[in-house]
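Colleague: Dumping the structure here so I can ask a few things about it.
Protein chains in written order, with our numbering: chain A, 26 to 187; chain B, 126 to 693.
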């Protein structure tokens with residue numbers, strides 16, 4: 026089962042190595058990792074998606090909390106948090122399928138950043154399932170390049186919201 | 126920023142911070158990138174520096190010092206190869222939760238990342254094997270990093286920390302002598318409140334008919350021996366310890382069932398199978414003790430630990446108390462009732478009588494078990510004993526009964542050959558009035574043998590008991606029992622003359638080969654406070670029993686008397 030951990034850490038060099046090294050050492054796989062500084066320049070927020078049962082996630086949480094640079098670890102339940110990922114995709118088009126491609130982009134609420142004679146560069150954000158979806162749909166056109174940010178998440182203040 | 130008087134160099138400040146922290150002794154080896162610090166150390170009147178022959182020796186000495194005194198152990202190395210020579214010791218200290226501060230020189234900050242001479246990314250290399258590490262980039266940051274490092278090393282579950290100290294930062298001037306603020310959260314150094322329900326814990330113990338206390342190294346780190354004794358006596362419950370926990374409960378106490386695990390006593394391992402309540406006090410269900418999830422299959426399991434990540438890590442438990450062991454037991458004690466456990470105590474006595482530690486002492490050769498027992502008797506059990514790793518380690522654990530904490534120094538988690546000699550040296554520096562014995566084997570001894578020079582140079586009284594069977598004994602034992610006697614690369618076809626070698630370092634030495642020489646040997650070895658080496662020739666076939674074969678559980682224990690079964 027996929028779990029999303031939101032982790033607050035001190036923002037200084039080596040912290041990322043400490044965190045990712047912990048996963049390597051204990052044999053846990055990171056599905057995605059996204060890091061950015063918070064409103065406090067001293068503190069960064071990391072979102073790590075990992076696959077594992079409750080035992081694995083419990084272990085990861087406990088081990089993370091032992092790192093002096095880790096300030097808080099939160100296991101984000103899907104139902105009570107917003108989870109988003111941004112993807113940039115450049116893919117091939119030609120005269121015949123150009124309008125089909127544009128229809129798809131409109132349908133998926135995709136932002137078009139650049140269009141040339143034979144290519145489209147698009148931006149899309151959504152939860153990871155939606156991002157994977159759009160990639161699947163665009164694949165038959167011929168994908169030239171993809172860049173995914175990895176998932177970020179934040180909990181709803183009102184935990185009754187879904 | 127706290128700004129005081131005149132500016133001093135980073136190197137000077139490091140020396141002052143060590144002095145203020147009460148550090149009296151450091152173990153190290155100078156080199157280019159740490160020279161400014163050594164230059165300042167030259168002027169210190171409070172800190173004694175012990176010059177070692179290899180940095181691995183320095184860190185094991187710091188470990189031996191820390192484990193025998195309960196204080197922080199400090200070691201120094203230069204950059205690059207000096208720093209990487211500390212790796213084994215850092216890993217050892219991490220595995221056995223030993224509070225160590227390692228200070229390493231680093232190339233100047235403008236050279237970092239350029240593959241400069243004697244440069245290694247020691248910060249990156251030591252991330253997984255330290256509890257905390259930092260690269261000090263400015264002299265202004267030194268005070269804060271230092272305070273954080275010491276608090277983390279000693280706080281909670283202790284462990285090794287490393288400060289990487291670039292040469293230009295050692296020379297840079299600063300006025301910041303006190304940490305303006307710490308960046309680490311208080312839970313990394315404040316003694317946590319005990320979390321959990323002590324009464325529930327005690328109720329389980331009170332209701333049990335066959336309780337067993339299972340004591341680990343955490344008991345030594347939290348100085349909880351008196352509390353454990355009080356708990357065992359009040360509850361009338363037998364006590365077994367892990368290899369790391371030896372000495373936390375008196376080995377001579379009537380309630381002691383000795384060590385459990387792979388080479389623990391048969392009665393301790395059988396008591397684990399029969400108990401109905403097992404109370405883990407500061408142990409971590411290590412795989413050499415608790416192989417399978419069905420460990421203590423008939424027991425309710427309870428666990429006290431300072432490290433929350435240890436709960437349910439390998440073995441699921443029914444009750445948890447999170448906190449310092451000493452505090453936790455103090456909270457449990459008032460709820461403990463002294464039940465009538467006559468039947469269980471008698472059962473333990475029967476197990477002890479029917480399954481004693483055994484060996485065959487009928488021949489002419491010297492048996493290490495016999496020799497160790499005589500050393501135990503002669504020293505009245507009051508020596509500090511360090512060991513290397515292998516058969517001699519297990520014999521020492523079995524035949525030298527430890528009554529006091531901090532007297533047993535062995536590499537438990539990592540199993541580091543080469544640990545014994547430097548650990549004994551560190552312990553002797555910390556306990557000059559006590560007899561310190563290093564029990565070693567001909568394999569282990571040669572891994573840090575150069576530290577004989579450190580003994581000689583300091584005129585230190587360390588006793589070395591060297592069991593020589595011209596083999597890697599434990600490897601040989603496994604090869605004999607599980608690899609059909611294919612002794613692949615376990616035999617030493619060359620060993621130095623250990624007696625002459627020791628004598629070349631001005632250490633009196635003697636070799637004995639026959640049983641009739643034992644008394645003379647023990648007498649020679651322990652006659653005064655000076656150093657001595659006794660080389661005891663033992664049969665290569667001698668084995669450590671009991672034994673739980675690797676990958677098997679308590680049910681599969683093999684005793685000396687079962688030896689025939691193994692050899693089909």
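From the three backbone atoms N, C-alpha and C, an ideal C-beta is built for every residue, glycine too.
This structure is a prediction, so every number in the text was calculated from the model and none was measured.
Expressed to the nearest angstrom, what Euclidean distance is found between the alpha-carbon atoms of residue 327(B) and residue 426(B)?
Modeller: The residue given as residue 327(B) occupies position 202 in the second chain. The residue given as residue 426(B) occupies position 301 in the second chain. Using only the alpha carbons, I get a separation of about 12 Å.
Colleague: Is the separation between the beta-carbon of residue 385(B) and that of residue 360(B) shorter than 8 Å?
Modeller: Locating residue 385(B) in the second chain gives position 260, counting from the first residue. Locating residue 360(B) in the second chain gives position 235, counting from the first residue. Their beta carbons are not under 8 Å apart, which means residue 385(B) does not touch residue 360(B) by this criterion.
Colleague: I want to verify the contact list: residues of chain A whose CB lies under 8 Å from the CB of residue 433(B), in sequence order.
Modeller: Within the second chain, residue 433(B) is the residue found at index 308, counting from 1. The contacting residues are 87, 90.
Colleague: Taking the beta carbon of residue 103(A) as the centre, do at least 16 other beta carbons fall within 10 Å, making it buried, or is it exposed?
Modeller: Against the first chain, residue 103(A) aligns to sequence position 78. Flag for residue 103(A) reads exposed.
Colleague: Pull up the CB-CB distance for residue 490(B) and residue 640(B), whole angstroms please, since I reckon it's below 8 Å.
Modeller: Locating residue 490(B) in the second chain gives position 365, counting from the first residue. Locating residue 640(B) in the second chain gives position 515, counting from the first residue. That belief holds up - the Cβ atoms of residue 490(B) and residue 640(B) are roughly 7 Å apart, short of 8 Å.
Colleague: Short of 6 Å in beta carbon distance, which residues of its chain neighbour residue 149(A), apart from the five on each side in sequence? Order them along the chain.
Modeller: By 1-based counting over the first chain, the position of residue 149(A) is 124. These residues qualify, in order along the chain: 112, 135, 159.
Colleague: In whole angstroms, what separates the C-alpha of residue 130(B) from that of residue 268(B)?
Modeller: What you label residue 130(B) is simply residue 5 of the second chain in a count that begins at 1. What you label residue 268(B) is simply residue 143 of the second chain in a count that begins at 1. Roughly 15 Å separates the two Cα atoms.
Colleague: If we ignore side chains and look at the alpha-carbon of each, how far apart do residue 696(B) and residue 344(B) end up?
Modeller: For residue 696(B) there is no data in the structure shown, the boundaries of chain B being 126 and 693.
Colleague: Where do the N-terminal and C-terminal ends of the alpha helix (DSSP H) with residue 654(B) fall, by residue?
Modeller: Taking the first residue of the second chain as 1, we reach residue 654(B) at position 529. Per DSSP, residue 654(B) belongs to no alpha helix (DSSP H) and is neither H nor E.
Colleague: Unbroken beta strand (DSSP E) runs of length 3 or more, entirely within the segment 164–243 of chain B: which are they?
Modeller: Counting whole runs of 3 or more residues, the segment 164–243 of chain B contains the beta strand (DSSP E) stretches 173–176, 198–202, 225–231.
Colleague: Rounded to a whole number of angstroms, what is the C-alpha to C-alpha distance between residue 694(B) and residue 156(B)?
Modeller: Look at the range of chain B in this structure, 126 to 693, and you will see that residue 694(B) is not part of it.
Colleague: Give a yes or no on whether the minimum CB-CB distance between residue 35(A) and chain B is below 8 Å.
Modeller: The residue you call residue 35(A) lines up with position 10 of the first chain. True, the Cβ-Cβ gap to chain B drops below 8 Å.
Colleague: Identify the contact partners of residue 39(A) in chain B, using a Cβ-Cβ distance below 9 Å as the criterion.
Modeller: Taking the first chain and counting its residues from 1, the one referred to as residue 39(A) is at position 14. Within chain B, the residues near residue 39(A) are 248, 249, 252, 258, 259, 260.
Colleague: Please list, in chain order, all residues of the same chain as residue 541(B) whose beta carbon is under 7 Å from its beta carbon, the five residues on each side excluded.
Modeller: Along the second chain, read from residue 1 onward, the residue named residue 541(B) stands at position 416. Excluding positions up to five away in sequence, the list reads 213, 217, 514.
Colleague: So with CB distances below 7 Å, who are the chain B contacts of residue 28(A)?
Modeller: The sequence position of residue 28(A) within the first chain is 3, counting from 1. In chain order: nothing, as chain B lies at least about 17 Å away.
Colleague: If you follow the beta strand (DSSP E) that residue 529(B) is part of, which residue opens it and which one closes it?
Modeller: Here residue 529(B) refers to the residue found at position 404 when the second chain is read from its first residue. It is not in any beta strand (DSSP E) - residue 529(B) carries neither H nor E in the DSSP assignment.
Colleague: Just the Cα atoms here: how many angstroms apart are residue 652(B) and residue 645(B)?
Modeller: Numbered from its first residue, the second chain carries residue 652(B) at position 527. Numbered from its first residue, the second chain carries residue 645(B) at position 520. One C-alpha to the other measures close to 10 Å.
Colleague: Check each candidate in 512(B), 561(B), 529(B) and name the one with the smallest Cα separation from residue 544(B).
Modeller: For the purposes of this step, residue 544(B) is identified with residue 419 of the second chain, where counting begins at 1. Of 512(B), 561(B), 529(B), the residue nearest in Cα terms is 512(B).
Colleague: So, does the CB of residue 93(A) fall closer than 8 Å to a CB anywhere in chain B?
Modeller: On the first chain, residue 93(A) is found 68 positions in, with the first residue counted as 1. Chain B, which has a Cβ nearer than 8 Å to the Cβ of residue 93(A), makes this yes.
Colleague: Hey, is residue 75(A)'s beta-carbon within less than 8 Å of any beta-carbon in chain B?
Modeller: The residue labelled residue 75(A) in the question sits at position 50 within the first chain. Not one chain B Cβ lies under 8 Å of residue 75(A).
Colleague: Can you say whether residue 171(A) is buried or exposed, counting buried as having 16 or more other CB atoms within 10 angstroms of its CB?
Modeller: Locating residue 171(A) in the first chain gives position 146, counting from the first residue. By the neighbour-count rule (16 or more Cβ atoms within 10 Å), residue 171(A) is not buried but exposed.
Colleague: Put residue 30(A) into one of helix, strand or coil per three-state DSSP.
Modeller: Looking up residue 30(A) in the first chain gives position 5. Here residue 30(A) sits in strand by DSSP.
Colleague: By the 10 Å Cβ neighbour count, where 16 or more other Cβ atoms means buried, how is residue 127(B) classified, buried or exposed?
Modeller: The residue you call residue 127(B) lines up with position 2 of the second chain. Low confidence applies to residue 127(B): its pLDDT is 49, below 50, so where it sits in the model is not reliable, and the reading given next is rough at best. Its Cβ having fewer than 16 others within 10 Å, residue 127(B) is exposed.
Colleague: For the segment 301–316 of chain B, which residues have a beta carbon sitting closer than 9 Å to at least one beta carbon of chain A?
Modeller: Cβ contacts with chain A come from 308, 309, 310, 312, 313.
Colleague: Could you say which of 83(A), 166(A), 144(A) lies nearest to residue 75(A) if we only look at CA atoms?
Modeller: Taking the first chain and counting its residues from 1, one reaches residue 75(A) at position 50. The candidate whose alpha carbon is nearest that of residue 75(A) is 83(A).
Colleague: Let me know the secondary structure DSSP gives residue 134(B) once reduced to three states.
Modeller: Taking the second chain and counting its residues from 1, one reaches residue 134(B) at position 9. Strand at residue 134(B).
Colleague: Give the DSSP-derived three-state secondary structure of residue 616(B) in the structure shown.
Modeller: Numbered from its first residue, the second chain carries residue 616(B) at position 491. Three-state DSSP puts residue 616(B) in a strand.
Colleague: Considering only residues of the same chain and omitting the five flanking positions on each side of residue 187(A), which have a CB-CB separation below 7 Å?
Modeller: Translated into the one-based positions of the first chain, residue 187(A) becomes position 162. Because the pLDDT of residue 187(A) is 49, which lies under 50, any placement of that residue in the model is unreliable, and the question is left without a value.
Colleague: Cβ closer than 7 Å: which chain A residues qualify as neighbours of residue 639(B)?
Modeller: Here residue 639(B) refers to the residue found at position 514 when the second chain is read from its first residue. Neighbours of residue 639(B) on chain A: none; closest Cβ ~50 Å, over 7 Å.
Colleague: Mind checking whether residue 270(B) and residue 261(B) have CB atoms under 8 Å apart?
Modeller: If you number the second chain from 1, residue 270(B) lands on position 145. If you number the second chain from 1, residue 261(B) lands on position 136. Result yes, Cβ atoms of residue 270(B) and residue 261(B) sit closer than 8 Å.
Colleague: I believe residue 323(B) touches residue 446(B) by the beta-carbon criterion, under 8 Å. Please report the beta-carbon distance rounded to the nearest angstrom.
Modeller: Position 198 of the second chain, counting from 1, holds the residue named residue 323(B). Position 321 of the second chain, counting from 1, holds the residue named residue 446(B). So it is a contact: roughly 7 Å between Cβ atoms.
Colleague: Could you check whether the Cβ of residue 438(B) sits closer than 8 Å to any Cβ belonging to chain A?
Modeller: Looking up residue 438(B) in the second chain gives position 313. Yes, its Cβ sits closer than 8 Å to a Cβ of chain A.
Colleague: Measure the C-alpha to C-alpha separation of residue 405(B) and residue 377(B) and round it to an integer number of angstroms.
Modeller: Residue numbering aside, residue 405(B) sits at position 280 when the second chain is read from its first letter. Residue numbering aside, residue 377(B) sits at position 252 when the second chain is read from its first letter. If I take the Cα positions, the gap works out to 20 Å.
Colleague: Compare the C-beta of residue 84(A) against all C-beta atoms of chain B and say whether one is closer than 8 Å.
Modeller: Mapped onto the first chain, residue 84(A) falls at position 59. Cβ-Cβ to chain B under 8 Å: yes for residue 84(A).
Colleague: Would you say residue 29(A) and residue 176(A) are within 8 Å of each other, going by their C-beta atoms?
Modeller: As a position in the first chain, residue 29(A) is number 4, starting the count at 1. As a position in the first chain, residue 176(A) is number 151, starting the count at 1. Result yes, Cβ atoms of residue 29(A) and residue 176(A) sit closer than 8 Å.
Colleague: Got a sec: is the Cβ-Cβ distance from residue 187(A) to anything in chain B below 8 Å?
Modeller: On the first chain, residue 187(A) is found 162 positions in, with the first residue counted as 1. Residue placement at residue 187(A) is flagged as unreliable, the pLDDT there being 49, under the threshold of 50; a coordinate-derived value is accordingly withheld.
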